[in-house]
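**Student:** This is the structure I have questions about; it appears just below.
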Amino acid sequence: MEFPKGFVWGAATSSFQIEGAWNADGKGPSVWDLTCHDTDQIHARHTGDVACDHYHKFRDDVALMGEIGLRAYRFSVSWPRVVPQGVGAVNAAGLDFYDRLVDALLAAGITPWVTLFHWDTPLGVHHRGSWLNREVHQWFGDYAAAVVDRLGDRVAHWMTLNEPHIFLGPGEREAFHPPGHKLGHRERLLAAHHALMCHGRAAQVIRARTRRECQVGWAPIGRVKVPWHPGIFDGAGGDGQPNAADVEAARTRQNAVPAKDFWNNAWLADPVVLGRYPEDGLRLYGDDAPRPLPGDMELINQPIDFYGANIYDAEVFRAGPDGQPEHVPFPAGHPQNALRWYIIPEALYWGPRFLYERYGKPIYVTENGMTNLDWVDADGRVRDPQRIDYTGRYLRQLRRAATDGTTRVGGYFHWSLLDNFEWQCGYRERFGLIHVDFETLRRTPKDSARWYAGVIASNGASLQ
Ligand code: FCB
Numbered sequence: 000m001e002f003p004k005g006f007v008w009g010a011a012t013s014s015f016q017i018e019g020a021w022n023a024d025g026k027g028p029s030v031w032d033l034t035c036h037d038t039d040q041i042h043a044r045h046t047g048d049v050a051c052d053h054y055h056k057f058r059d060d061v062a063l064m065g066e067i068g069l070r071a072y073r074f075s076v077s078w079p080r081v082v083p084q085g086v087g088a089v090n091a092a093g094l095d096f097y098d099r100l101v102d103a104l105l106a107a108g109i110t111p112w113v114t115l116f117h118w119d120t121p122l123g124v125h126h127r128g129s130w131l132n133r134e135v136h137q138w139f140g141d142y143a144a145a146v147v148d149r150l151g152d153r154v155a156h157w158m159t160l161n162e163p164h165i166f167l168g169p170g171e172r173e174a175f176h177p178p179g180h181k182l183g184h185r186e187r188l189l190a191a192h193h194a195l196m197c198h199g200r201a202a203q204v205i206r207a208r209t210r211r212e213c214q215v216g217w218a219p220i221g222r223v224k225v226p227w228h229p230g231i232f233d234g235a236g237g238d239g240q241p242n243a244a245d246v247e248a249a250r251t252r253q254n255a256v257p258a259k260d261f262w263n264n265a266w267l268a269d270p271v272v273l274g275r276y277p278e279d280g281l282r283l284y285g286d287d288a289p290r291p292l293p294g295d296m297e298l299i300n301q302p303i304d305f306y307g308a309n310i311y312d313a314e315v316f317r318a319g320p321d322g323q324p325e326h327v328p329f330p331a332g333h334p335q336n337a338l339r340w341y342i343i344p345e346a347l348y349w350g351p352r353f354l355y356e357r358y359g360k361p362i363y364v365t366e367n368g369m370t371n372l373d374w375v376d377a378d379g380r381v382r383d384p385q386r387i388d389y390t391g392r393y394l395r396q397l398r399r400a401a402t403d404g405t406t407r408v409g410g411y412f413h414w415s416l417l418d419n420f421e422w423q424c425g426y427r428e429r430f431g432l433i434h435v436d437f438e439t440l441r442r443t444p445k446d447s448a449r450w451y452a453g454v455i456a457s458n459g460a461s462l463q
C-alpha cells in the first residue's frame, strides 16, 4: 500500500552538525564552537571545525541525495554564518553558500526545506544575554529577513526553530548543552517565552518578505505517548488495538504538562498554535509563569501551515485503576538504539495522530532515525540491517496514520542524510543513511540508503 499522493520523502541535517568551515568566509563563532574549543564537555573533545566538510563538499552530497531519490532535503542555516556577530552586519559570503546549495538542490529536482535555527546561537547573541534578553526576537527577525531576502525567491518551505525543548532544556536548565545554564524555573520560562517570540517574529518576516508562495512551520520535539495494548512490546511492535480508556490515558498525558521540565508538548506548542499557555502548566508554575506583555501572545501565535514533529521514541501509558494515566515501563531487554533510546514504532502512529487532533495542522515528520554502531565492512559495504528494520517498522506505522483517515501526514524526513556531529556525543554516534569516515571524509552510502531509495520510488508500497 502506498502513502498518499504527493507525500514528501526527504532527509534532514543541520548546519553545525555537518558544515564544518567554522570560521571560513567571515563566519562568526557560535556557542557550540566555544564549547567545543574551550571545554571538555564534548565526547573526546571533538569539534565542529570540519565536521563532514559539507560546506566544501555540498555538490557531492547533493549528488548522493539524487542517488537516493530524495524529493526534499531539510537543512538549517547557520545564524553566525549569515550574521557573524548575531546582530548587525550581514555576511554576504555566508549567504552565498546557501544560495549555491539551494541552486544545486533545485537543479537536482530536490525541494529545499529550510530551518532558520538549529541551535548554533551566535556568540555575540550569547554575550547579549541570548534567550533571556527580550530583544532577541528583533535580532532573530533581522537575521531571518537577511535569509528570506536572499533565498525567498526559491525556497517555499520554512521552519523557524528546531526543538526549543532541547536548546532550552539541556541548554538553559540541565546544562549538558551550551550555554550550560542551570536557570531556575522563572528564568527558564522567560527564556522560552522569548524563544517563542523569535518563532513568531520569524514567521511574520517570512510571510512579509517571501517572493513566492510559501509554507511556514516549526520543528519541535516533545515526548510522544503511546497507549498500551497486549503485544505492544513484541518484536514487530504491532498494529494491536488498544482499548478506548488506554487511548484516552495516553492522549491526556501527551497533552499534559505534568512536570516542571520541557519534556512535554503543550507548554511550547499551545502558545504557538492555540495562542495561550496551557492551564495545567500555568497552575503548576504559579508565580514562576511568564507574564506576557500586550501583543506577545499574538506575536507567538502566528498562523502556521504545517506542524513539524521530530519523533524518535515514546513512553507507554494506560488507564490506571483510578482511571488516571499510568506509565508502563519498557520490559527488560527491550530493543534500544546505540544511545539507549527505546525503539517503539507506534510512536509514528500515535504521535502524529495526537498532534493532529490537538493542533489541526498537517503533520510532517521532520526527524526520525536511529544511531547504530555502523562500520565499513572489509568489502567496502556498510551493512546496517537494524536501521532498515527500524525505519521500516516506523514507516509502516506512519503509513497507517496517513491512510486510516485519522491524521493528515504530509511527509517524512529521515534523520540523518550523513553521519555527523551528534552534539555532546561528538562523532561517536552514527545516525546517517550515508557513512562518513571522519579522517578521510569519504562518504559511503549504507545499505539503508539503497533500501530507502526503493521506499521512495514506490511511495512506500515496498514496505511490507
Ligand atoms: C534531535 C536533533 C538533531 C539530532 C537528533 C539525533 O534532537 O534535532 O540535531 O541530534 O536529535
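Its first residue numbered 0, the sequence shown is counted upward by one per residue in numbering that gives the first Met the number 0.
Cβ atoms here follow ideal geometry from the backbone N, Cα and C, with glycine treated the same way.
Report yes if the C-beta of residue 414 is less than 6 Å from at least one heavy atom of ligand 1; otherwise report no.
**Tutor:** Here the question's residue 414 lines up with position 415 in the sequence shown. Yes, the Cβ of residue 414 comes within 6 Å of a heavy atom of ligand 1.
**Student:** Rounding to the nearest angstrom, what Cα-Cα distance links residue 384 and residue 147 in this structure?
**Tutor:** Locating residue 384 in the sequence shown gives position 385, where the first residue counts as 1. Locating residue 147 in the sequence shown gives position 148, where the first residue counts as 1. Computed Cα separation, rounded: 40 Å.
**Student:** To which residues of the same chain is residue 275 closer than 7 Å at the C-beta, ignoring the five residues directly before and after it?
**Tutor:** Residue numbering aside, residue 275 sits at position 276 when the sequence shown is read from its first letter. Contacts found: 269, 296.
**Student:** Considering only residues of the same chain and omitting the five flanking positions on each side of residue 265, which have a CB-CB separation below 6 Å?
**Tutor:** If you number the sequence shown from 1, residue 265 lands on position 266. For residue 265, where only same-chain residues beyond five positions count, the Cβ hits under 6 Å are 254, 256, 277.
**Student:** According to DSSP, simplified to helix, strand and coil, what is residue 317?
**Tutor:** In the sequence shown, the residue the question calls residue 317 occupies position 318. It is a strand residue.
**Student:** Residues in the same chain with beta-carbon distance under 7 Å from residue 152, minus the five sequence neighbours each way, listed in chain order, please.
**Tutor:** Position 153 of the sequence shown, counting from 1, holds the residue named residue 152. Closer than 7 Å at Cβ, skipping near neighbours: 210, 211.
**Student:** Indicate the three-state DSSP secondary structure (helix, strand or coil) for residue 240 in the structure shown.
**Tutor:** Reading the sequence shown from its first residue, position 241 is the one you call residue 240. In this structure, residue 240 counts as coil in the three-state DSSP scheme.
**Student:** Can you list, in chain order, the residues of its chain with a C-beta nearer than 7 Å to that of residue 406? Leave out the 5 residues immediately preceding and following it.
**Tutor:** In the sequence shown, counting from the first residue as 1, residue 406 sits at position 407. Answer for residue 406: 351, 352, 355, 362, 400, listed in chain order.
**Student:** Using CA coordinates, which residue listed in 57, 132, 140, 164 is at the minimum distance from residue 118?
**Tutor:** Position 119 of the sequence shown, counting from 1, holds the residue named residue 118. It is 164.
**Student:** Compute the distance between the beta-carbons of residue 177 and residue 30, then report whether it is under 7 Å.
**Tutor:** Here residue 177 refers to the residue found at position 178 when the sequence shown is read from its first residue. Here residue 30 refers to the residue found at position 31 when the sequence shown is read from its first residue. Yes. Within cutoff.
**Student:** Give, in chain order, every unbroken run of the beta strand (DSSP E) that is at least 3 residues long and sits entirely within the segment 49 to 108.
**Tutor:** With a minimum length of 3 residues, the continuous beta strand (DSSP E) runs that stay inside the segment 49 to 108 are 71 to 75.
**Student:** By the three-class DSSP mapping on this structure, what secondary structure does residue 343 have?
**Tutor:** Residue 343 sits at position 344 when you count from the first residue of the sequence shown. Correct three-state label for residue 343: coil.
**Student:** Looking only at its chain, what residues have a beta carbon closer than 7 Å to the beta carbon of residue 203, apart from the 5 residues adjacent to it on each side?
**Tutor:** For this step, residue 203 is matched to residue 204 along the sequence shown. 301, listed in sequence order.
**Student:** Just how far apart, CA to CA, sit residue 368 and residue 222?
**Tutor:** Residue mapping note: residue 368 aligns to position 369 of the sequence shown, counting from 1. Residue mapping note: residue 222 aligns to position 223 of the sequence shown, counting from 1. Those two C-alpha atoms are separated by around 15 Å.
**Student:** Would you call the segment 13 to 31 and the segment 81 to 97 in contact, with 3 or more CB pairs under 8 Å?
**Tutor:** They touch, by the three-pair rule.
**Student:** Over what stretch of residues does the alpha helix (DSSP H) that includes residue 214 continue unbroken?
**Tutor:** Numbered from its first residue, the sequence shown carries residue 214 at position 215. Residue 214 -> not in any alpha helix (DSSP H); beta strand (DSSP E) instead, spanning 214 to 218.
**Student:** How many Å lie between residue 437 and residue 342 at the Cα?
**Tutor:** Start at 1 with the first residue of the sequence shown, and residue 437 comes out as number 438. Start at 1 with the first residue of the sequence shown, and residue 342 comes out as number 343. If I take the Cα positions, the gap works out to 27 Å.
**Student:** With a threshold of 6 Å (Cβ to nearest heavy atom), would residue 13 be considered close to ligand 1?
**Tutor:** Taking the sequence shown and counting its residues from 1, the one referred to as residue 13 is at position 14. Yes, the Cβ of residue 13 comes within 6 Å of a heavy atom of ligand 1.
**Student:** Under 6 Å Cβ to Cβ from residue 54, same chain only, skipping five residues before and after it: list those, please.
**Tutor:** By one-based count along the sequence shown, residue 54 stands at place 55. Here the set comprises 18, 19, 20.
**Student:** In this structure, what does DSSP give as the bridge partners for residue 307?
**Tutor:** Taking the sequence shown and counting its residues from 1, the one referred to as residue 307 is at position 308. Bridge partners of residue 307: 363.
**Student:** In chain order, what residues of the same chain have a beta carbon less than 6 Å from the beta carbon of residue 110, not counting five sequence neighbours either side?
**Tutor:** Taking the sequence shown and counting its residues from 1, one reaches residue 110 at position 111. If we look at residue 110 and ignore the five residues flanking it on each side, its Cβ neighbours are 71.
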